[in-house]
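Notes to accompany the following structure.
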């Protein structure tokens, strides 16, 4: 197929994930977690990973080939692959499971960010900006170490761009150029994470030839997506 | 002692604060129940932190719409006029001030209106806030929906929060299972005190003062909480977005207004009817923000044979424009200058030149509540003059500021009556960044349809950004 973006399996799409890589993981409450790619990450050997993910993503259980009762991200933590997590809420409150245990035992580091700040830092990273002035964290613990600036009479904090080596995403369908369409609230982190990673990888329900998607309906243009795997 | 309200009753009381047509962002926990309690025909537009705008909670066990989940991850149903948004967009809606209300569940609220979110309290040592900061910092009005006391009987309403702060001096109203407490109603924005305005049935003001670990004034107009169900359409009407004519839609634009005008150089994006309406309306001293300052006349893009071109030039000819902020203010042909060029040479208009990508980013920043940003575009060029430069990780950037306007005139293909808009082809151009960046966004469309007639996956500009919609009359159909 065209341009060589289509990979035969999740494992092959992630074969070059290296030790210490920073990986954005799409998905949020209820939808959009790339479970097949996460399983491939588990099957691969990379260690010392930094995972960046949304509130709600840490608790989503893989339904395919997982009898452990652990969520997909929990499994990676349990296998000792993860050294650091950046998230607004890395595990469910009052039910932290393996992620919380590993953090409390000092096996992994966790950096907490407000969700909207994470989204905008990723967008800045993806859009080539050097930084953005946001009002969100004013008056909270998250303003520590941030440069404060008055602009047109309002206060803002300087937030730096966030980029990553890989983004693992899930979409409803793609064309072979990598254009993506999502389903429902599964859109969540796809657009901004695809921009912010050097290599965007998407597992999709269906891959079609260019022209198979309505151009008005494409949410993530193929320019942001490097690899595709069909996972019906 | 009288019984406390259950969560359903608290939700009903919170709903009484809301008005049809408002957008209400729901946090996790108790607030996520509001979408299940509100009747779908009341006209409340809930925004879930999962990226769904305008949805209805599914009753227990119901499946909801495929792949659509609410703030707490349970399935919800799309309603006619729903749209689906990415989470960077959802955060931008909040930060940009587009959301009327947000509802959060604090573990504690203090007398300044600062709060600790329940998720921060439930993740000791880590204090994970989720989306609570976005809800707190962004919404025009913030409601705390919570239980009055903790499991050990201690008050959740305190003089000063003992835990981390997830929102500073931002709660406007506290609704609990025992009372409604207003935060500093008499002190404007200073948030200086708590006033008990309502008590649950069977409870006395003294009980609440005793159960609240913060100074609590009792309102002289203290009443019993009402939490009767809102069933069926309420009498209050959802504000109408559909205007019957262009002149009505632009009628209140005052002299001196700043106006964004959609359109790229080519055909497809120009709001011809609104521009003619604005010319006839006559507002003066306008600042226009646009990609070009009007070149349709010199290149004849989009103009039917034998007809006069319609673009910014008709405002310039009519002496309505004082200044343009634009990327392409000149004609591509030296021998055929645009109306703006001629006026500029005569000194009648001012110009602020902005590179196209910087213009787009400044507009996005304006709409998304971003004060400014560092961009590499323009470094080392005339554009950099007078601007702060900064080296970040070895690369040089310019500081550019967000750009907002009083009005925005854009052209869509179809809109529903809630203001959701789809475009056709390259006419999409600046619309998605302009629409959120103006106080009043007016959209001219070929067709106005009912909510539900547009596929929620295809909506480009959600109705939250659109104030007025007008149908383009047939006499303009020849203009592309």
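Protein chains in written order, with our numbering: chain Z, 96 to 327; chain G, 13 to 492. Heads up, the beta-carbon is just placed ideally off N, CA and C, and yes, glycines get one too. Note that the structure is a prediction, hence the values are computed from the model and not measured.
- By the criterion of a C-beta distance shorter than 7 Å, residue 207(G) is surrounded in its chain by 193, 194, 197, 229 and 231, once the five residues flanking it on both sides are discounted.
- In this structure residue 178(G) touches residue 127(G) by the C-beta definition: roughly 6 Å separates them, less than 8 Å.
- C-alpha of residue 55(G) to C-alpha of residue 35(G): approximately 9 Å in a straight line.
- Within the region 104-188 of chain G, the beta strand (DSSP E) runs of at least 3 residues that lie entirely inside it are, in chain order, 113-116, 118-122, 127-129, 153-157 and 185-187.
- Apart from sequence neighbours up to five positions away, the residues of its chain that approach residue 269(G) with a beta-carbon distance below 7 Å are 295, 298, 418 and 419, ordered along the chain.
- The C-beta of residue 130(G) comes closer than 9 Å to at least one C-beta of chain Z.
- The alpha carbon of residue 304(G) has as its nearest neighbour, out of 272(G), 315(G) and 292(G), the alpha carbon of 272(G).
- As a beta-bridge residue in DSSP terms, residue 251(Z) pairs with 244(Z).
- Neighbours of residue 207(Z) in chain G, taken as residues whose beta carbon is under 8 Å from its own, are 138, 139, 140 and 141 in chain order.
- With fewer than 16 neighbouring CB atoms inside 10 Å of its own CB, residue 204(Z) falls in the exposed class.
- Checking the DSSP bridge columns, you'll see residue 225(G) partnered with 170(G).
- Against chain G, a Cβ distance below 7 Å from residue 292(Z) picks out nothing, because the smallest value is about 14 Å.
- Approximately 7 Å separates the beta-carbon atoms of residue 149(Z) and residue 210(Z); this is inside 8 Å, confirming the contact.
- Using a Cβ-Cβ cut-off of 7 Å, residue 77(G) is close to 279 of chain Z, given in chain order.
- For residue 291(Z), the closest alpha carbon among the candidates 259(Z), 229(Z) and 183(Z) is that of 259(Z).
- Residue state for residue 475(G) is assigned as helix, using DSSP reduced to three classes.
- In the DSSP annotation of this structure, the continuous segment of the beta strand (DSSP E) that includes residue 120(Z) starts and ends at 117-120.
- Cβ contact annotation for residue 81(G) (same chain, cutoff 7 Å, sequence separation greater than five): 62, 87 and 88, in chain order.
- Per DSSP, the continuous beta strand (DSSP E) segment holding residue 303(G) begins and ends at 298-304.
- In the assembly as shown, residue 394(G) is an exposed residue. Its beta-carbon has fewer than 16 other beta-carbons within 10 Å.
- Look at residue 215(Z): its C-beta is under 9 Å from a C-beta on chain G.
- In chain order, 124, 125 and 151 make up the part of chain Z whose C-beta sits under 8 Å from the C-beta of residue 85(G).
- At the C-beta level, residue 114(G) and residue 37(G) come within 9 Å of one another.
- For residue 487(G), the nearest beta carbon of chain Z is not closer than 9 Å to its own beta carbon.
- The C-beta separation of residue 306(G) from residue 323(G) comes to about 4 Å, placing the pair in contact by the 8 Å criterion.
- In the assembly as shown, residue 480(G) is a buried residue. Its beta-carbon has 16 or more other beta-carbons within 10 Å.
- At a cut-off of 9 Å between beta-carbon atoms, residue 64(G) makes contact with chain Z.
- Nearest C-alpha to residue 92(G) among 482(G), 490(G), 489(G) and 461(G): 461(G).
- Residue burial is scored here from C-beta neighbours: residue 319(Z) has at least 16 other C-beta atoms within 10 angstroms and is therefore classed as buried.
- Within the region 302-354 of chain G, the runs of beta strand (DSSP E) that reach at least 3 residues and sit entirely inside it are, in chain order, 333-340.
- By the neighbour-count definition (other C-beta atoms within 10 Å, threshold 16), residue 173(G) is a buried residue.
- Measuring C-alpha to C-alpha distances from residue 174(Z) to each of 274(Z), 117(Z) and 197(Z) identifies 197(Z) as the nearest.
- Chain Z places no beta carbon closer than 9 Å to that of residue 196(G), leaving this residue out of the contacts.
- For residue 301(Z), no chain G residue has a C-beta closer than 7 Å to its own C-beta; the minimum C-beta separation is roughly 14 Å.
- For residue 428(G), there is no enclosing alpha helix (DSSP H); the enclosing beta strand (DSSP E) has its first and last residue at 417-428.
- Your pair residue 350(G) and residue 343(G) checks out as a contact, with CB atoms roughly 4 Å apart and the cut at 8 Å.
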